[in-house]
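Chemist: Structure provided below as structure tokens; questions to follow.
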């Protein structure tokens, strides 16, 4: 744990670049299954990108010696947007799982089963939707706005993809919540129209950035717990 805290201090001083996560909206949070009713607070992960998280005040510093990272869970949703194939979300889950384990392993011991002194990181893809691309500056003027409206009506307007992902750190034995984070991956304009379908390559960079942010969350949770213990 001491090694993690030292590493965290270094990470906190380094700004992550190219982060793709956004602060979730009230609608986003309503789709999640938070383990606690504790309010999430904003944390800066970059100069212009924020995340929201909660860290338990009851974490005992130095207690956790290893980390268990199960496969990312994909929430089954009958209302899932048809433009986002389930196969893409399955690949997303697998890629996040593998990349996160790879990112964490140099600085913390990873194990493959629950046990004493083991914290568990549960990640779930809660929701994946599409939305019309934001209006461009040229579409703010009346004639541009009319063109944008026509494109939307015809289904030819570019669309964004919005994916909500929950990360929860729990005690691997008691499942007591230790920390939570909700992130939103937004891939702007990746769908050309209402009939196109998302492919994984269109969100690959966003996924890499999400993994970096999740690593930062894990280390910052350890750092925050250590700071609380000093108060």
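In mature numbering (1 follows the signal peptide of the UniProt record, and there is no 0), the protein residues as written are -26 to -1, 1 to 205. Even for Gly, the Cβ is constructed at its ideal location relative to N, Cα and C. Only a predicted model underlies this, so the values are computations on that prediction, with no experimental measurement involved.
Please list, in chain order, all residues of the same chain as residue 15 whose beta carbon is under 8 Å from its beta carbon, the five residues on each side excluded.
Modeler: Within the chain shown, the letter at position 41 stands for residue 15. For residue 15, where only same-chain residues beyond five positions count, the Cβ hits under 8 Å are 26, 27 and 28.
Chemist: Looking at residue 17 and residue 170, is the spacing between their C-beta atoms short of 8 Å?
Modeler: One-based indexing of the chain shown puts residue 170 at position 196. One-based indexing of the chain shown puts residue 17 at position 43. No; because the gap between Cβ atoms is not below 8 Å, this pair is not in contact.
Chemist: Return the chain-ordered list of same chain residues with a C-beta closer than 7 Å to the C-beta of residue 120, the five sequence neighbours on each side being excluded.
Modeler: Your numbering for residue 120 matches position 146 in the chain shown. Note on residue 120: pLDDT 44, under 50, position unreliable in the model; no value is reported.
Chemist: Would you kindly check if the distance between the Cβ of residue 158 and the Cβ of residue 69 is under 8 Å?
Modeler: Translated into positions along the chain shown, residue 69 becomes position 95. Translated into positions along the chain shown, residue 158 becomes position 184. Cβ distance not < 8 Å, so residue 69 and residue 158 don't count as in contact.
Chemist: Nearest to residue 167 by alpha carbon, out of 132, 78, 102 and 65?
Modeler: Here residue 167 corresponds to residue number 193 of the chain shown, with the count starting at 1. Minimum Cα distance to residue 167 is reached at 132.
Chemist: May I have the straight-line CA-CA distance separating residue 60 from residue 185, to the nearest angstrom?
Modeler: As a working note, residue 60 is residue 86 in the chain shown. As a working note, residue 185 is residue 211 in the chain shown. Rounded to whole angstroms, residue 60 to residue 185 spans 20 Å at the Cα level.
Chemist: What span of residues does the beta strand (DSSP E) with residue 16 cover, start to end?
Modeler: As a working note, residue 16 is residue 42 in the chain shown. Its beta strand (DSSP E) spans residues 15 to 18.
Chemist: May I ask you to report which of helix, strand or coil DSSP gives residue 86?
Modeler: For the purposes of this step, residue 86 is identified with residue 112 of the chain shown, where counting begins at 1. Residue 86: coil per DSSP, three-state reduction.
Chemist: Is it buried or exposed, residue 50, if we count other Cβ atoms within 10 angstroms and call 16 or more buried?
Modeler: For the purposes of this step, residue 50 is identified with residue 76 of the chain shown, where counting begins at 1. When all chains shown are included, residue 50 counts as exposed.
Chemist: In its own chain, which residues sit with a C-beta less than 8 Å from the C-beta of residue 147, not counting the 5 before and 5 after it?
Modeler: By one-based count along the chain shown, residue 147 stands at place 173. So the list reads 88, 89, 90 and 92, once near-sequence residues are dropped.
Chemist: Starting from residue 68, follow the alpha helix (DSSP H) in both directions and report where the run begins and ends.
Modeler: Counted from its first residue, the chain shown places residue 68 at position 94. Segment 60 to 78, the alpha helix (DSSP H) holding residue 68.
Chemist: Leaving aside the five residues before and after residue 13 along the sequence, list all residues of the same chain whose C-beta is less than 8 Å from its C-beta, in chain order.
Modeler: By one-based count along the chain shown, residue 13 stands at place 39. So the list reads 28, once near-sequence residues are dropped.
Chemist: Please name the residue or residues paired with residue 145 in a DSSP beta bridge.
Modeler: To locate residue 145, count along the chain shown from 1; it is residue 171. Paired residues: 93.
Chemist: If we ignore side chains and look at the alpha-carbon of each, how far apart do residue 151 and residue 94 end up?
Modeler: Position 177 of the chain shown, counted from the first residue, corresponds to residue 151. Position 120 of the chain shown, counted from the first residue, corresponds to residue 94. Rounded to the nearest angstrom, the two C-alpha atoms are 10 Å apart.
Chemist: Leaving aside the five residues before and after residue 153 along the sequence, list all residues of the same chain whose C-beta is less than 7 Å from its C-beta, in chain order.
Modeler: Sequence index remark: in the chain shown, residue 153 carries index 179 (1-based). Taken in chain order, the residues that qualify are 27, 28, 29, 30, 143 and 195.
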